[in-house]
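Residue numbers (our numbering): 929 to 1089.
All C-beta atoms, glycine included, are put in the ideal place defined by N, C-alpha and C.
Working notes for the structure below.
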Amino acid sequence: MDFHGPIIPISQSGNKYIISLTDVLSKFVIAKAVRDCTAETAARFLKEEVILKYGTPRCILTDNGSHFTAAMMEELFQRMGVTHLYSTPYHPQTNGQIERYNATMDAKIAALSNERRTNWDEQLPFVTFGYNTSIHATIGQTPFEMMYGRKPVLPFDQQSP
């Protein structure tokens, strides 16, 4: 799990960061645009976007940022039975999957955003969906297929009668 940002410019909705989590096995990414990078925001993301939609992860790898090392986060991890692992300080490659997604996401959001790039947060769900429905060489299929056990039905796959 990682925060990415601050993203310049701030979106029209006031978002400055992206918080995301990558499933190590499937490469499936969950991402959300947020206003800040606090422990409260991380805990809310984990509960609302991960646990309530996909279940509780066994293990989460984060960096050593104060938003992930705060007592609130440690208490949440402990209460949920999640093992919390930390990446090596000053070595972001330890959490390489999420770092790769961040690099991919930056380029795609820039391409899809309006001229002033103030709607980047509106493009994030499309970029994440595109990432999750693209074949990954390391697993030979899409993260979507790994997560759901079926191929995604894409909007352009639907044929008009």
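Since residue i sits in a beta bridge, which residues does DSSP pair it with?
| i | result |
| --- | --- |
| residue 959 | 948 |
| residue 969 | In the DSSP output, where bridge partners are listed per residue, residue 969 has none listed. |
| residue 1006 | Its beta-bridge partners do not exist; DSSP assigns none. |
| residue 930 | 948 |
| residue 1046 | Its beta-bridge partners do not exist; DSSP assigns none. |
| residue 1069 | 1064 |
Is residue i near residue j, with beta carbons less than 9 angstroms apart?
| i | j | result |
| --- | --- | --- |
| residue 1052 | residue 1037 | yes |
| residue 1128 | residue 995 | Outside the displayed range of the chain (929 to 1089) lies residue 1128, so it cannot be described from this structure. |
| residue 941 | residue 1034 | no |
| residue 1042 | residue 956 | no |
| residue 1056 | residue 958 | yes |
| residue 929 | residue 974 | yes |
| residue 935 | residue 946 | yes |
| residue 984 | residue 1009 | yes |
| residue 939 | residue 1075 | no |
| residue 949 | residue 977 | yes |
| residue 992 | residue 1014 | yes |
| residue 943 | residue 963 | yes |
| residue 1011 | residue 987 | yes |
Can you tell me where the alpha helix (DSSP H) with residue i in it begins and where it stops?
| i | result |
| --- | --- |
| residue 997 | 994–997 |
With DSSP run on the structure shown, which of helix, strand or coil describes residue i?
| i | result |
| --- | --- |
| residue 980 | helix |
| residue 938 | coil |
| residue 1082 | coil |
| residue 1040 | helix |
| residue 990 | strand |
| residue 1032 | helix |
| residue 1053 | helix |
| residue 1058 | helix |
| residue 953 | coil |
Residue range of the beta strand (DSSP E) that residue i falls in?
| i | result |
| --- | --- |
| residue 1013 | 1011–1014 |
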